[in-house]
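*Asks:*
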Amino acid sequence: MAHIPEPREEPIGHGPYGIEHLLAESREKLARVSPQEAFELQRTGGLIIDIRPESDRLTHGEIPGALTVERIVLEWRLDPAGSHRLDGLRPERPIVLVCNEGYASSLAAAQAQELGLTKATDLAGGFRAWKEAGLPTTAAVA
Numbered sequence: 115m116a117h118i119p120e121p122r123e124e125p126i127g128h129g130p131y132g133i134e135h136l137l138a139e140s141r142e143k144l145a146r147v148s149p150q151e152a153f154e155l156q157r158t159g160g161l162i163i164d165i166r167p168e169s170d171r172l173t174h175g176e177i178p179g180a181l182t183v184e185r186i187v188l189e190w191r192l193d194p195a196g197s198h199r200l201d202g203l204r205p206e207r208p209i210v211l212v213c214n215e216g217y218a219s220s221l222a223a224a225q226a227q228e229l230g231l232t233k234a235t236d237l238a239g240g241f242r243a244w245k246e247a248g249l250p251t252t253a254a255v256a
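Just so you know, the working numbering puts 146 at position 32 of the sequence shown, and the rest follows in order with no gaps.
1) How many Å lie between ARG207 and GLY160 at the Cα?
2) Which partner residues does VAL65 have in the DSSP bridge list?
3) Measure the alpha-carbon distance for ASP164 versus GLY239 and round it to whole angstroms.
4) Exposed or buried, which one is THR235 when buried takes at least 16 other CB atoms within 10 Å?
5) Using the rule of at least 16 other Cβ atoms within 10 Å of the residue's Cβ for burial, across every protein chain shown, is VAL255 buried or exposed?
6) Determine, using beta carbons only, whether ALA180 and VAL147 come nearer to each other than 8 Å.
7) From the DSSP secondary-structure annotation, give me the bridge partner or partners of VAL212.
8) At what residues does the alpha helix (DSSP H) containing HIS80 begin and finish?
9) Helix, strand or coil for LEU221 per DSSP?
10) With a Cβ-Cβ cutoff of 8 Å, do ARG199 and ARG191 count as a contact?
11) For the alpha helix (DSSP H) containing LEU188, name the first residue and the last one.
12) What does the alpha-carbon distance come out to for the pair TYR217 and ALA138?
13) Identify the residues that DSSP records as bridge partners of LEU229: which are they?
14) Taking the alpha carbon of GLY278 as the point to measure from, which residue in ASN214, LEU231, SER219 and ALA224 has its own alpha carbon closest?
15) To the nearest angstrom, report how far apart ALA223 and ALA253 are at their CA atoms.
Rendered as structure tokens:
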């Protein structure tokens with residue numbers, strides 16, 4: 115008969131390798147910005163990159179002037195030395211990554227910094243915070 119291991123006492127996902135740890139570690143590297151700070155960065159030449167899925171952008175609207183790069187290809191588009199990179203990427207250019215609530219964008223911004231984009235960060239609270247702040251958005255399609 116096969117040996118069945120005893121259940122773990124600590125919850126799965128906690129400790130040095132859980133998502134909460136990874137998120138906290140990522141955010142330690144970032145100078146996260148408010149919606150107003152992101153708006154000002156965009157106004158002065160920074161890039162806002164929306165990593166939300168198309169369905170979210172259609173349902174809730176978009177930030178005018180933001181580039182859209184879905185999360186699945188983000189690292190290839192953000193690699194300053196890569197052949198699939200976005201135009202205009204420079205290590206010193208401010209880049210604000212935006213997701214729906216500010217979680218996935220924190221992970222993505224930390225990854226962008228590891229790719230050499232030293233001024234990459236994310237929008238605290240994500241698109242929802244931007245919209246709640248009354249900043250410009252395009253109309254939702256749905």
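Virtual Cβ for every residue (Gly too), placed ideally from N, Cα, C.
*Replies:* By the coordinates alone:
1) In the sequence shown, residue 207 corresponds to position 93, counting from 1. In the sequence shown, residue 160 corresponds to position 46, counting from 1. Here the alpha carbons of GLY160 and ARG207 stand approximately 6 Å from one another.
2) Absent from the structure is residue 65, since the part of the chain shown begins at 115 and ends at 256.
3) On the sequence shown, position 50 is the one that residue 164 refers to. On the sequence shown, position 125 is the one that residue 239 refers to. Whole-angstrom Cα-Cα distance: 13 Å.
4) Along the sequence shown, one-based indexing puts residue 235 at 121. Its Cβ being crowded by 16 or more others within 10 Å, THR235 is buried.
5) What you label residue 255 is simply residue 141 of the sequence shown in a count that begins at 1. Taking all protein chains shown into account, VAL255 has fewer than 16 neighbouring C-beta atoms within 10 Å of its C-beta and is therefore exposed.
6) Position 66 of the sequence shown, counted from the start, is the residue given in the question as residue 180. Position 33 of the sequence shown, counted from the start, is the residue given in the question as residue 147. Not closer than 8 Å, so no.
7) Within the sequence shown, residue 212 is the residue found at index 98, counting from 1. ASP164.
8) Missing from the structure shown is residue 80; the chain here goes from 115 to 256 and no further.
9) Counted from its first residue, the sequence shown places residue 221 at position 107. Looking at LEU221 - three-state DSSP - the assignment turns out to be helix.
10) Walking along the sequence shown from the start, residue 199 turns up at place 85. Walking along the sequence shown from the start, residue 191 turns up at place 77. Judged by beta-carbon spacing, ARG191 lies within the 8 Å limit of ARG199, meaning their Cβ atoms are closer than that value.
11) Your numbering for residue 188 matches position 74 in the sequence shown. 188-192 is the extent of the alpha helix (DSSP H) around LEU188.
12) Translated into positions along the sequence shown, residue 217 becomes position 103. Translated into positions along the sequence shown, residue 138 becomes position 24. Each residue's alpha carbon lies about 10 Å from the other.
13) Here the question's residue 229 lines up with position 115 in the sequence shown. Looking at the DSSP output, LEU229 bridges to nothing.
14) In the structure displayed, the chain extends from 115 to 256; residue 278 sits before or after that span and is not available.
15) Here residue 223 refers to the residue found at position 109 when the sequence shown is read from its first residue. Here residue 253 refers to the residue found at position 139 when the sequence shown is read from its first residue. Their backbone Cα atoms lie some 26 Å apart in a straight line.
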